[in-house]
Amino acid sequence: QQQVKQSPQSLIVQKGGISIINCAYENTAFDYFPWYQQFPGKGPALLIAIRPDVSEKKEGRFTISFNKSAKQFSLHIMDSQPGDSATYFCAATMTSGGSNYKLTFGKGTLLTVNP
Amino acid sequence: GAVVSQHPSRVICKSGTSVKIECRSLDFQATTMFWYRQFPKQSLMLMATSNEGSKATYEQGVEKDKFLINHASLTLSTLTVTSAHPEDSSFYICSAPLGTSMFETQYFGPGTRLLVL
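Those protein sequence lines, which keep their order, are chains D and E. The first sequence begins at 26 in my numbering and counts up by one. The second sequence begins at 44 in my numbering and counts up by one.
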């Protein structure tokens with residue numbers, strides 16, 4: 026079973042704090058790991074993604090840390106803002122082997138950033 | 044970024060009727076599109092892979108005769124929920140992959156909220 030396990034289920038942080046969401050995967054054939062942000066009633070939007078050949082990728086306040094040996098990756102949101110309050114999904118996919126880039130999603134983390 | 048649209052955004056129908064949801068890639072072509080269903084406070088569940096020019100591939104447990112998928116062109120896929128029942132009420136989302144340099148990623152539509160009375 027191809028699974029991506031995500032934690033925590035929910036997270037509350039204060040404005041300006043750091044939000045950390047963790048994911049772990051089982052299938053070593055996964056080679057692309059995107060994070061999506063979803064606001065209520067909207068479709069998910071790509072936030073940031075990483076390949077396993079790098080250990081970290083940073084885009085603005087968002088950073089992905091990747092540990093290939095542990096099969097874990099995490100999203101760090103620096104200087105968290107109330108506007109970051111949303112549900113975050115990690116995902117994984119194989120970009121070769123005829124998978125057609127089918128995504129396997131984590132269960133999601135509801136982030137609330139208090140003002 | 045790439046844009047994927049869905050129509051309608053919201054639909055209410057009576058039990059037993061059929062509902063068609065359209066998914067369009069507005070500024071790129073997609074030979075493959077994906078259809079997901081999402082229940083409240085839950086993750087996205089892949090229903091099927093829509094393939095242009097061939098039959099859709101359904102995930103285990105998804106009834107292909109109930110959820111008809113047609114990938115009519117390189118920019119349009121449709122999902123028809125046939126003989127809808129209240130348990131089909133959900134948020135339906137499509138996505139399409141786009142290749143950019145070394146990476147390909149999925150771009151999601153805004154979703155369609157289906158309520159079956």
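Even for Gly, the Cβ is constructed at its ideal location relative to N, Cα and C.
Residues of the same chain with a CB within less than 6 Å of the CB of E/Thr-148, apart from the 5 flanking positions on each side, do not exist.
If you check the CB distance, E/Phe-110 and E/Leu-122 come in under 8 Å. Comparing alpha carbon positions, the residue from E/Pro-153, E/His-128 and E/Ile-136 closest to E/Val-159 is E/His-128.
For the 8 Å CB-CB criterion, D/Val-29 and D/Thr-129 form a contact.
A Cβ-Cβ distance of about 19 Å is found for the pair E/Leu-117 and D/Lys-127, leaving them out of contact under the 8 Å criterion. Residues of the region 80-93 of chain E with a C-beta atom less than 7 Å from some C-beta of chain D are Ser-86, Leu-87, Leu-89 and Thr-92, listed in chain order. Comparing C-alpha distances from E/Ser-120 to each of E/Gly-59, E/Leu-69 and E/Lys-57 shows the shortest one belongs to E/Leu-69. In the DSSP assignment, the residues bridged to D/Asn-139 are D/Gln-39. DSSP places E/Glu-130 in the helix class (H, G or I) of the three-state scheme.
Interface flag for D/Leu-128 against chain E is set, since a Cβ pair is found closer than 8 Å. By the Cβ criterion, the region 34-44 of chain D is not in contact with the region 58-69 of chain D, since fewer than three pairs of Cβ atoms, one from each stretch, lie closer than 8 Å. If the five residues before and after D/Ser-35 are omitted, its C-beta is found closer than 7 Å to the C-beta atoms of Thr-134 and Leu-135, all from its own chain and listed in chain order. Every beta strand (DSSP E) of 3 residues or more that sits fully in the region 38-117 of chain D is shown, in chain order, as 44-50, 58-63, 70-75, 81-84, 87-92, 97-102 and 111-117. At least 8 Å separates the CB of D/Ala-117 from every CB of chain E.
Taking CB atoms only, E/Thr-118 has no neighbour in chain D less than 8 Å away. A Cβ of chain E is located within less than 8 Å of the beta carbon of D/Lys-132. Excluding five sequence positions before and after E/Thr-125, the CB atoms of its chain that fall closer than 8 Å to its own CB belong to Ser-61, Asp-108, Lys-109, Phe-110 and Leu-111, given in chain order.
The region 46-59 of chain E makes no contact with the region 97-104 of chain E; the number of CB pairs closer than 8 Å stays below 3. Counting only the Cα atoms, E/Lys-57 lies some 48 Å from D/Ser-90. With its beta carbon at least 8 Å from every one in chain E, D/Pro-140 lies outside the interface.
Chain D places no beta carbon closer than 8 Å to that of E/Phe-110, leaving this residue out of the contacts.
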